[in-house]
Structure formats: C-alpha cells, structure tokens
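Participant: One structure is given below, represented as structure tokens, and several questions about it will come after.
Numbering (my numbering), first residue to last: -4 to 147.
If you want it as structure tokens, here you go:
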C-alpha cells in the first residue's frame, strides 16, 4: 500500500508537468520566490536521494544540485532544462525503488543524516508520501496559473 501511494504521488507530479515547455516549467509562482514546477521536480529528486540513498542505503553521495547540502538550491531552476531535471528525478526514483524492493522489511532502520535518529523504511516511505502530497498541492496551483489545468 505504501509503495502504491508513493507511486501515485510520483505520477501525479509528473502529470502536473506534462506538455509544458522548459519556460513554463521555470515560471515562478510569485517573485521573489523561486518556486516553480521544475524546482519542485528538482527538489523531489533531492528528497528521494537523501532519504533512500543517503539514509536507508547509507551511500556517501552529495545532493544532486548542491555538494554543500543546501536543499534550497534545487528550487532555483532558472537555467534548468526538462531533460536534465527529469533524468535526475527518474534516476533517483529508480534508485529508491531498488532500495525499497531489496529491503528485508519495512522495519529495517537506518540513521537519519540530519537528525541523527534511527528511522525505519516505513517512516521514510510515509515521509516521502507526505512530501509529495504537500508539493503536489503546490504543483496544482502552479499548473493552474500556467494554463488553467486542474485535477490530478
């Protein structure tokens, strides 16, 4: 069930970006904010990487767009392209799916990088569902402002 909900939210974010140009995907919500659809996809690539690869799998990899570990960098998609953004996001989703599928159970635990607390794979998946759900709400509003499209 967790896998299905997580995949639903991943698909929803992809749906919110379908048929848009790079320029549309970079359109900011309301300057000075850098929030845009492309930035949301970039951010979710970072979130997938951080929780699945860095925490659950224990890989020593930097964030995709910030070697310094600044999650805010991903939101600034001013020069980003759909091709590189979605390639990175799809790669991180594929890693996450591989890591989740290889785990013995949802009770497998690992140490969270930022908090230093032990977290289960179950908690990580729930966190990702929460993260996607929140940002898909942002994506709804961003997409509607671009071309009037609404709905999941």
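For every residue, glycine included, the Cβ atom is placed at its ideal position computed from N, Cα and C.
Give me the residue from 75, 109 and 55 with the minimum Cα distance to residue 16.
Facilitator: 75
Participant: Are at least three pairs of beta-carbons, each pair with one atom in the region 84 to 100 and one in the region 35 to 47, less than 8 Å apart?
Facilitator: At 8 Å Cβ cutoff, the stretches touch.
Participant: Is it a yes or a no for the region 17 to 25 touching the region 130 to 142, going by three-plus beta-carbon pairs under 8 Å?
Facilitator: yes
Participant: What's the gap between the Cα of residue -3 and the Cα of residue 144?
Facilitator: 28 Å
Participant: Quick check: what's the CA-CA separation for residue 80 versus residue 120?
Facilitator: 22 Å
Participant: When burial is assigned at 16 or more other CB atoms within 10 Å of the CB, is residue 93 buried or exposed?
Facilitator: exposed
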